[in-house]
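Notes to accompany the following structure.
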Amino acid sequence: MVKEVPDKVSTDGLETKFDERWTAEGTFAFDRTKTRAEIYSIDTPPPTVSGSLHVGHVFSYTHTDVVARYKRMQGREVFYPMGWDDNGLPTERRVQNYFGVRCDPSLPYTEGFEPPHQGTDGKNVKPADQIPVSRRNFIELCERLTADDERTFEELWRRLGLSVDWAQTYQTIGDSSRATAQRAFLRNLARGEAYQAEAPGLWDITFQTAVAQAELEARDYPGHYHRVAFHQSDGEPVYIETTRPELIPAVVALIAHPDDERYQHLFGTTVTSPLFGVEVPVVAHHMAEPDKGAGIAMCCTFGDLTDVQWWRELQLPTRSIIGRDGRVTGDLPEWIAGGPGAELFETEVAGKTTFSARKAIVDALTASGDMPSAPVATQRKANFYEKGDKPLEIVTSRQWYIRNGGRDQGLREELLARGKELDFHPDFMRVRYENWVGGLNGDWLISRQRFFGVAIPLWYPIDASGEVDYAHPIAPAEEVLPVDPTSQAPAGYTEDQRGQAGGFVGDADVMDTWATSSLTPQIVGGWERDNDLFERVYPMDLRPQGQDIIRTWLFSTVVRSHLENKVLPWKNATISGWILDPDRKKMSKSKGNVVTPMDLLVEHGSDAVRYWAASARLGTDAAFEVGQMKIGRRLAIKVLNASKFALSFGGGAGSEIALDPAAVTVSLDRSMLAGLGGVVEQATAALEAYDHTRALEVTETFFWTFCDDYLELVKDRAYGAGADSADLTPETTSARTSLAIALDTMLRLLAPYLPFATEEVWSWWREGSVHRAAWPVAEPLRVAGGDADPADLAAAGHALAALRKVKSEAKASMRTPIVAAALAVPAGSLAAVETAVEDIKAAGRVTGPLDLVAAAEGQGDQAVQGGMVVTSSELGEAPPRNKG
RNA sequence: GGGCUCGUAGCUCAGUUGGUUAGAGCGCCACGUUUACACCGUGGAUGUCGGGGGUUCGAAUCCCUCCGGGCCCA
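Sequential numbering from 7 applies to the first sequence in our numbering.
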């Protein structure tokens with residue numbers, strides 16, 4: 007039944023209209039009564055709310071939504087929650103400025119705290135003017151601020167048309183996320199998978215936090231090689247070259263490559279350090295690079311990661327002199343005390359920044375003659391925290407780790423096996439996982455010295471003498487999670503025992519963001535909170551994400567599921583590519599080449615932007631192409647117009663539209679439906695293989711041919727030459743039925759890509775939402791098509807094009823009648839053209855005889871109108887225009 | 001330096017296990033307002049498949065090598 011077809015169609019306003027309708031009707035509401043087999047569950051990446059959404063988000067989330075809509079139409083109940091990642095430094099900074107507070111974890115929680123500011127118009131509040139608050143208060147303010155960000159994000163996602171159940175959202179800082187992260191940590195601890203260690207770790211001076219391997223970034227950093235003499239027992243110098251002379255007080259060994267001829271005689275001997283006279287061994291290790299500097303390096307725990315490796319593998323002593331503040335320790339180290347450099351250290355080096363200390367040491371080396379030549383400028387690779395701008399120092403501190411196979415071959419093998427079990431789309435992305443897991447050389451450091459994150463849920467007892475006993479942490483019961491050890495006392499203690507002998511201290515650290523994000527399947531699935539739900543959605547079906555976070559998010563999620571649930575967290579991982587700007591550079595905020603997604607959606611329409619996004623294959627970088635969006639917009643409008651047309655033949659509003667395949671009797675119609683059946687098969691196979699681009703391509707190609715050829719060919723027959731509904735010819739009924747069936751099918755095929763335009767058309771003549779309609783199957787189309795050959799429609803289309811070409815070349819209007827013509831048709835197509843000749847004549851306005859002859863050998867070009875050639879023609883007079 | 005990936009028409013991209021004369025859309029040129037559509041229609045032109053070498057009856061496709069872009073890891 008056709009309800010209403012507008013006179014003038016438009017894509018404008020569809021986004022708002024259907025977002026409201028879908029919400030009101032619960033179109034995407036998740037039905038949790040379904041069983042695991044009926045459910046398709048998606049573990050969507052939670053975007054960082056305090057950052058801003060960019061075009062890359064729109065791009066990759068569209069890919070996921072296409073999958074979600076397809077699976078839903080396939081009859082799966084789609085579990086597709088959206089989360090917000092609020093953890094982290096950017097949020098902390100915004101909260102400090104917005105509310106004028108700073109976090110001091112040593113403070114107690116203040117009930118009903120009201121911050122001094124409510125927004126400061128982007129102006130920074132000086133740290134001295136910020137009111138210190140407890141971590142719990144600080145987190146409450148973070149939650150308050152991120153609530154605004156989340157609204158903005160949701161608005162964008164709704165406009166883009168993500169088929170998310172908005173009742174299922176979560177936050178990585180929310181109570182249930184924190185409880186989940188803490189619960190998982192406590193279980194790791196109980197099983198021995200989490201442990202603390204006093205160990206060298208990378209430390210960011212600026213952010214005052216430890217940094218994990220996954221957060222590292224190696225960058226070029228300017229420095230100078232200083233050629234410095236160590237001394238053998240006989241006084242002979244051994245020259246090394248170092249970029250960090252200030253670490254000479256911390257030297258523990260000189261190291262050269264075992265095959266290096268120059269230093270063979272030194273291995274096994276000792277040398278003394280300049281200025282300080284500390285005796286250190288000369289040892290061999292394959293990591294020493296013979297062609298770098300002098301080929302012999304000083305190892306000073308801990309100048310860089312190679313030093314750490316040497317320290318560990320060669321079991322060298324620990325002589326750490328750099329503290330968390332980035333300065334040289336103020337205490338005189340015992341290995342220097344009493345030596346020739348003790349005074350130098352105490353007066354010139356102790357307590358200095360590395361920069362000042364270096365200057366002092368270099369001056370002393372120059373004065374003593376141990377540095378005979380001037381420093382030589384060089385570029386070295388230094389490790390940076392990805393958000394920091396100062397090279398990282400390596401300091402020893404007490405930190406928590408989770409085992410990830412980096413120091414355990416057995417676990418590593420298990421995790422590599424999980425990687426093989428996971429279906430990556432595209433498949434080659436698997437090697438990124440394998441390279442990363444295979445290359446790990448340490449466990450996962452999860453302690454972070456920040457505030458807005460999930461607290462490490464532990465306290466430590468203080469013994470009678472006031473020493474903190476880190477070896478016997480106090481864990482909370484799972485029932486009381488989440489906890490904040492900095493503002494809550496552990497069971498059996500009271501708050502006034504905090505920091506007292508015989509009392510306790512809370513662990514002041516929070517966990518790495520990924521220690522929470524790695525649990526998104528557990529968080530959204532209700533692990534240990536709603537086990538009924540968990541069993542229905544977990545392990546999940548799909549994890550979409552970017553390739554850059556395979557080593558972090560994807561890997562850490564596999565680790566947690568493997569340790570906790572002994573399964574892979576999902577069956578499939580789809581990896582979207584990057585958006586490149588016209589210069590083939592990755593679009594990013596720092597380059598200033600980003601486009602605001604909301605503006606883009608408003609300007610082009612969401613279907614148009616989705617079309618652009620869906621045109622890019624998974625794993626492939628895509629150009630930011632406004633032209634492609636315009637094509638998408640045209641497609642959406644064409645869908646509206648062609649649909650309006652196809653629905654108009656039956657007499658408009660109130661007329662019945664039959665979808666009975668038995669009414670399709672004309673050969674051309676059956677040929678079209680047979681072709682459509684093939685399209686359904688191809689599109690379905692492509693989507694099953696997570697190849698949404700191919701599915702779109704075959705559907706779109708068919709749709710345009712349908713409009714250009716089929717619709718034109720059957721136009722007259724479908725109108726029915728004055729017939730009223732009482733006495734339709736079977737030929738007219740066949741055309742109308744075929745149009746309706748084709749429309750019905752194509753709307754479904756396009757629905758995941760153009761959710762708004764297809765829903766609009768659906769609302770004209772069908773009940774419910776196209777997004778809850780069944781995905782089409784080829785079988786009924788095959789039956790209706792019978793033994794018809796899809797090529798027959800192409801042949802008729804070619805014949806029509808050949809006739810049009812005559813008019814085009816004569817620069818005549820397409821309305822010009824052809825009084826008589828002869829058409830040479832390749833033998834293989836002749837029968838098809840003869841069968842459809844009445845439709846061809848009507849569409850080509852051939853008013854007189856159309857002679858069809860078999861084309862001679864070599865006549866015509868197969869690539870042009872299928873080799874069909876009009877050999878003679880006579881054009882009539884074009885009718886006058888209908889109106890001026 | 002290592003790994004992965006890409007290089008096809010002016011632009012953005014398809015090209016399945018090697019198989020006729022390499023495709024699409026955009027853009028371009030010409031024409032046309034036809035009762036779905038000017039956010040349109042019709043027709044047309046367009047390529048050393050990054051370079052070189054090899055395997056083969058036959059290579060955009062397989063192998064080698066070089067050049068250039070991108071990402072990740074050292």
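Note that CB positions come from ideal geometry on N, CA and C, so glycine has one too.
Can you give me the Cβ contacts of residue i inside the same chain, cut-off strictly under 7 Å, excluding the 5 residues immediately before and after it?
i: Ile404; result: Reading the sequence as shown, one finds Arg at residue 404 and not Ile. Contacts found: Gln202, Glu204, Tyr476.
i: Ala701; result: Ala689, Ala692, Leu693
i: Cys713; result: Lys644, Ala648
i: Leu799; result: Leu674, Ser677, Met678, Gly681, Asp715, Tyr716
i: Ala642; result: Thr17, Gly611, Asp613, Ala614, Leu760, Ala763
With 16 other CB atoms within 10 Å as the buried threshold, where does residue i fall?
i: Arg640; result: exposed
i: Leu451; result: buried
i: Pro12; result: exposed
i: Met517; result: buried
i: Gly890; result: Confidence is the limiting factor: at Gly890 the pLDDT is only 37, short of 50, which leaves the residue's position unreliable, though a coordinate-based value still follows. It counts as exposed.
i: Gln868; result: exposed
i: Gln551; result: buried
i: Pro527; result: buried
i: Asn447; result: exposed
i: Arg184; result: buried
i: Gly834; result: exposed
i: Trp559; result: buried
i: Gln385; result: exposed
i: Thr41; result: exposed
Tell me which residues share the same chain as residue i and place their Cβ nearer than 6 Å to its Cβ, disregarding the 5 neighbours each side in the sequence.
i: Asp6; result: Since the first residue shown for the chain is 7 and the last is 890, residue 6 is missing from the structure and cannot be characterised.
i: Glu252; result: Thr360, Ala363, Arg364, Ile367
i: Ser379; result: Arg233
i: Val672; result: Glu737, Ser740
i: Glu883; result: none
i: Arg225; result: Phe390
i: Lys597; result: Only weak support is given to the placement of Lys597: the predicted model assigns it a pLDDT of 49, under 50, and the value that follows is read from those uncertain coordinates. Here the set comprises nothing.
i: Leu755; result: Ala689, Thr705
Considering only residues of the same chain and omitting the five flanking positions on each side of residue i, which have a CB-CB separation below 8 Å?
i: Arg557; result: Ala220, Arg438, Tyr439, Trp442
i: Ala862; result: Ala830
i: Gly625; result: His431, Pro432, Phe434, Met435, Gln553, Ile581, Ser582, Gly583
i: Ala652; result: Leu717, Leu745, Ala746, Ala748, Leu749
If I follow the unbroken beta strand (DSSP E) through residue i, where does it start and stop?
i: Ile400; result: 399-408
i: Thr384; result: 382-391
i: Glu107; result: What sits at residue 107 in the sequence shown is Val, not Glu. 107-109 is the span of the beta strand (DSSP E), which, as asked, contains Val107.
i: Lys577; result: 576-582
i: Phe510; result: 510-512
i: Phe85; result: 83-85
i: Asp91; result: Here Asp91 belongs to no beta strand (DSSP E), and DSSP marks it neither H nor E.
i: Thr877; result: 875-881
Between which two residues does the alpha helix (DSSP H) holding residue i run?
i: Trp768; result: 761-771
i: Cys148; result: 141-166
i: His431; result: Careful: His431 lies outside any alpha helix (DSSP H), inside the beta strand (DSSP E) at 429-431.
i: Glu117; result: Note, Glu117: premise wrong, no alpha helix (DSSP H); not H, not E.
Which runs of the alpha helix (DSSP H) at least 4 residues long sit entirely within the stretch 618-670? Give them in chain order. Qualifying alpha helix (DSSP H) stretches, in chain order: 632-654.
Does the stretch 503-514 touch the stretch 485-492, meaning 3 or more C-beta pairs lie closer than 8 Å? As far as the Cβ criterion goes, the stretch 485-492 touches the stretch 503-514, which means the pair count is three or higher.
Okay, do the stretch 41-52 and the stretch 499-507 touch, 3+ Cβ pairs below 8 Å being the bar? With the cut-off at 8 Å, the stretch 41-52 and the stretch 499-507 do not touch.
Sequence ranges, beta strand (DSSP E) only - wholly within the stretch 211-293, length at least 3: For the stretch 211-293, whole beta strand (DSSP E) runs of length 3 or above, ordered along the chain, are 215-217, 222-237, 243-248, 257-262, 276-278, 285-290.
Touch check for the stretch 863-881 and the stretch 793-812: three-plus C-beta pairs under 8 Å? Flag = yes, the stretch 863-881 and the stretch 793-812 touch.
Quick check: the stretch 209-219 against the stretch 257-266, are at least 3 beta-carbon pairs closer than 8 Å? Output reads no: the stretch 209-219 does not touch the stretch 257-266.
Measuring CB atoms only, is the stretch 155-175 touching the stretch 132-146, in the sense that at least three cross pairs come out at less than 8 Å? No: the two stretches stay apart, fewer than three of their Cβ pairs being nearer than 8 Å.
Taking the runs of the beta strand (DSSP E) that are 3 residues or longer, which of them lie wholly in the stretch 823-863? Counting only unbroken stretches of 3 or more residues, the beta strand (DSSP E) elements lying wholly within the stretch 823-863 are 824-831, 856-860, in sequence order.
Does the stretch 171-179 come close enough to the stretch 616-623 that 3 or more CB-CB pairs lie under 8 Å? Verdict: no, contact absent.
Length-filtered (3 minimum) beta strand (DSSP E) runs lying within the stretch 432-512: Entirely contained in the stretch 432-512, the beta strand (DSSP E) runs reaching 3 residues are, in chain order, 465-467, 510-512.
Using 8 Å as the Cβ pair cut-off and three pairs as the minimum, do the stretch 524-538 and the stretch 555-571 touch? A contact exists between the stretch 524-538 and the stretch 555-571.
For a minimum of 4 consecutive residues, which ranges assigned as the alpha helix (DSSP H) are wholly contained in the stretch 525-579? Correct list: 526-531, 537-543, 561-571.
Could you name each continuous beta strand (DSSP E) segment of 3 residues or more that falls completely within the stretch 302-338, going from the start of the chain to the end? Listed in chain order, they are 302-306.
Minimum length 4: unbroken alpha helix (DSSP H) runs contained in the stretch 710-756: DSSP runs (the alpha helix (DSSP H)) wholly in the stretch 710-756: 717-725, 736-756.
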